[in-house]
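Scroll down for the structure; my scribbles are underneath it.
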Amino acid sequence: MQDTKLTLRAEAPIGTISPRLYGHFAEHLGRCCYEGLWVGTNEREIPHQNGFRTDVLKALQALPVPLLRWPGGCYADHYHWRDGIGPAEQRPVRLGMSCGLQVEDDNSLGTHEFLQLCKLLGAEAYLAGNMGSGSVQELSDWLEYCNSQVATSLARERAANGSREPFGVKLWGVGNESWGCGGNYDAVQYAKEFRRYATMLRHVDPTAELVAVGLEEPRPFAKGIEPHWNQKVLDELGGHVRLMDHLAIHYYWVLGGPEIDFTEEEYYALLNDAAAQEDVVRRTAEVIQAATGGRHRIGIALDEWGVWHPEARPWGPRGAADCRAPITYEQANTMRDAVATAIALEGFHRQCNVLTLANLAQIVNVLQAVVMTEGAQMWVTPTYHVLRMHRPHLGATALPVEVSHGSTIPGGASGVSATASRNNRQVAITLTNRHWDQPATVRIAGAGSSAEGRGELLSADSPRAYNTADEPERVAPTPLTVHRDGDGYRVELPPHSLATIVLPSH
Ligand code: AHR
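Here the sequence shown is numbered in the numbering used here, starting from 235 and rising by one per residue.
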């Protein structure tokens, strides 16, 4: 088989890879927030810091987690922020609702606790506002409570609850999936409501960045959802489009069959679905460009993305047939999901001029979690390793990479793909061998050859491999030798693997 050649085009940088593209999502859904992140301040068995599991904190601190969205998801449109402030024992117990689950919600993890978590993780907070069952006044009050510098009653209440200083939360979601669980709005009705909410929120804090609910074209299996949502919302807003800083879209990969026992065909179907996410971003950018004529910048907020296997959903391809009962929204996370994630991140870097933030769904236990817990045990998933291995790219300048020669995969794409970035110290390249069972030799040009490179590889004996509490290291990174090779470098990639190599700037 012919070697693959990668050529870095350092002379044509794409743009800056914002750390916001590496955001996460914590919803009060299943065991994500309660149990996964938060065990409460009265917990005796599991070590914690002010109620947050110490082991989970430590793992997340090593990622990093630059951005965290909370409290939903569908949960956000039932959430009333006042329920989650003040003395914990006086907080009401409500019906916690998201995605069809109904649980007792004691509100012990509220605004102050969440913002404390963000501080511990070094994450920027992104709060999702309730437009489904809340009001403009309620969301304006939350914004004032969090951010006001003026000593209003709300700001004094914040101080009495432990934070004299304003939290300065920049990112505010105005609804979530308002075309569905967030109220079944139609596009025009949503645009009118968004205009009212956004106008009032801007009065309270002109520096808040407002995220509107968007929807790229509904997928064929999503019945009854309005087409051309984004265009209709933007058209209806007209000149008021300036109230919008980001337009949110969600994309879940659902075409890969079972979580573990997938076939080779299903393996590639999932990778293709992950790759298709970039087209969704591109199409959204085109709609924004057409509507604004480039006169006002609206970023794309991919604020929910990742794999959602049929075992963890009652909807979509094979959903009802294969869904576990009762549904927990938990799923296995295999080496295949890791490869798919690396493919998606290549797209993020290529689209970094239009994609302004992204949140992987979700952070602990639920969907494509990076961390799993079971009682006192904790382990990290292959996806965790992928994100950690991308750390050198955060804040760096994305560079185009040309791929030539090498083998292809079904559908014709190159078996090996890559993303590269540089900062003033180093060039980082993440390479993915998408192939089910063929290794690849990769030669790298355009990054010099004078210095020693270091590399890290994530691979497994099978694309179906995953980590468990008993076998937490089955999929874990290992060092990779980077060979100097003429005027470039060479690496060897096993099948279904990815690697990051770091080369000092030349
Ligand atoms: O991430 C799970 C759910 O998926 C969210 O609550 C919702 O926004 C989406 O439909």
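Just so you know, even glycine gets a beta-carbon here, dropped at the ideal spot from N, CA and C.
C-alpha gap between residue i and residue j, whole angstroms
i      : j      : result
Phe428 : Gly356 : 30 Å
Thr666 : Ala578 : 11 Å
Gly741 : Arg476 : Because the chain in this structure spans residues 235 to 740, residue 741 falls outside the shown range and cannot be described.
Ala394 : Lys353 : 19 Å
Leu471 : Ile561 : 39 Å
Arg453 : Pro551 : 11 Å
Ile522 : Gln465 : 8 Å
Ile735 : Thr664 : 6 Å
Asp537 : Thr607 : 24 Å
Pro644 : Leu601 : 27 Å
Glu443 : Met478 : 8 Å
Leu349 : Glu358 : 9 Å
Leu370 : Ala524 : Correcting the residue identity first, residue 370 is Val in this sequence and not Leu. Looking at the two C-alpha atoms, the distance is approximately 30 Å.
Val327 : Val337 : 10 Å
Arg668 : Gln324 : 53 Å
Arg316 : Asn599 : 27 Å
Ser655 : Ala632 : 4 Å
Leu504 : Thr526 : 34 Å
Arg570 : Ser367 : 39 Å
Glu347 : Ala296 : 20 Å
Glu411 : Pro548 : 18 Å
Arg531 : Val588 : 9 Å
Tyr268 : Ala559 : 20 Å
Gln611 : Ala652 : 35 Å
Ile284 : Gly320 : Ile is not the amino acid found at residue 284; the sequence shown has Asn there. For Asn284 and Gly320, the distance between alpha carbons rounds to 15 Å.
Glu499 : Gln672 : 15 Å
Proximity below 8 Å, CB of residue i to CB of residue j
i      : j      : result
Ala482 : Ala446 : yes
Asn657 : Gly629 : yes
Cys557 : Gly249 : no
Ser342 : Gly409 : no
Leu489 : Asp439 : no
Ala699 : Thr568 : yes
Leu732 : Val635 : no
Ala679 : Gly722 : yes
Gly363 : Gly407 : yes
Tyr485 : Trp539 : yes
Gly581 : Gln511 : yes
Glu391 : His314 : no
Cys333 : Gly416 : no
His262 : Asp375 : no
Pro738 : Ala685 : yes
His717 : Trp670 : no
Leu616 : Val709 : Strictly speaking, residue 616 in this sequence is Pro, with Leu absent from that position. Closer than 8 Å, so yes.
Leu361 : Phe286 : no
Trp487 : Ala574 : yes
Leu335 : Gly264 : yes
Cβ-based burial, residue i [other Cβ within 10 Å; buried from 16]
i      : result
Ala508 : buried
Pro305 : buried
Asp704 : exposed
Ser638 : exposed
Arg243 : exposed
Val614 : buried
Glu282 : Sequence check: residue 282 is His here, not Glu. By the 10 Å Cβ count, His282 comes out buried.
Asp221 : In the structure as shown, the chain begins at 235 and stops at 740. Residue 221 is therefore absent and cannot be evaluated.
Ala662 : buried
Ser386 : The identity of residue 386 in the sequence shown is Thr, whereas the question assumes Ser. The residue in question, Thr386, is exposed, as its Cβ has fewer than 16 Cβ neighbours within 10 Å.
Pro711 : buried
Chain-order list of residues whose beta-carbon lies under 8 Å from that of residue i (same chain, five-residue window excluded)
i      : result
Gly640 : Met235, Gln236, Asp237, Thr238, Lys239, Ser648, Gly649, Val650, Ala674, Val676
Ile597 : His258, Phe259, Ala260, Cys266, Gly270, Leu271, Leu294, Val299, Leu302, Ala603, Val604, Val605
Thr642 : Ser648, Gly649
Contacting residues, own chain, Cβ-Cβ under 7 Å from residue i (five flanking each side not counted)
i      : result
Glu450 : Asn464, Ile483, Val514, Arg517, Thr518
Thr590 : Ser252, Arg254, His480, Gly533, Ile534, Ala535
Ser382 : Leu388, Ala389, Pro400
Gly687 : Val716, Tyr723, Ile735, Val736, Leu737
Thr288 : Pro281, His282
Own chain residues within Cβ distance below 6 Å of residue i, not counting five before or after
i      : result
Cys380 : Phe401, Val403
Met623 : Glu690, Thr734
Glu493 : His543, Glu545, Gln565, Ala566
Gly318 : Asn341, Gly344, Thr345
Ser693 : Pro728, Ser731
Ala554 : Pro548
Ser683 : Arg718, Asp721, Gly722
Residue i CB to nearest heavy atom of the ligand FAD below 7 Å
i      : result
Cys415 : As far as ligands go, the structure on display features the ligand AHR and does not contain the ligand FAD.
| Segments assigned alpha helix (DSSP H), at least 4 residues, entirely inside the stretch 259-314 | Listed in chain order, the complete alpha helix (DSSP H) runs (minimum 4 residues) inside the stretch 259-314 are 288-295.
| request: Only counting runs of 4 or more residues, tell me where the alpha helix (DSSP H) segments fall wholly within the stretch 556-589, in order along the chain. | output: Every alpha helix (DSSP H) of 4 residues or more that sits fully in the stretch 556-589 is shown, in chain order, as 569-584.
| request: Could I get the ranges of all uninterrupted alpha helix (DSSP H) runs contained in the stretch 342-371, with 4 residues as the minimum, in chain order? | output: Here the runs fully enclosed are 345-355.
| Runs of beta strand (DSSP E) wholly within the stretch 357-440 (minimum 3 residues, chain order) | For the beta strand (DSSP E) assignment, the uninterrupted runs of no fewer than 3 residues enclosed by the stretch 357-440 are, from N- to C-terminal side, 358-363, 405-408.
| query | Taking the runs of the alpha helix (DSSP H) that are 4 residues or longer, which of them lie wholly in the stretch 454-534? | reply | Fully enclosed alpha helix (DSSP H) runs of no fewer than 4 residues occupy 463-471, 498-526 of the stretch 454-534, in order along the chain.
| task | Let me know the beta strand (DSSP E) ranges lying completely inside the stretch 628-706, each 3 residues or longer, listed in chain order. | result | Secondary structure remark: continuous beta strand (DSSP E) runs of at least 3 residues inside the stretch 628-706, in chain order: 631-633, 635-639, 650-656, 660-667, 674-679, 688-692.
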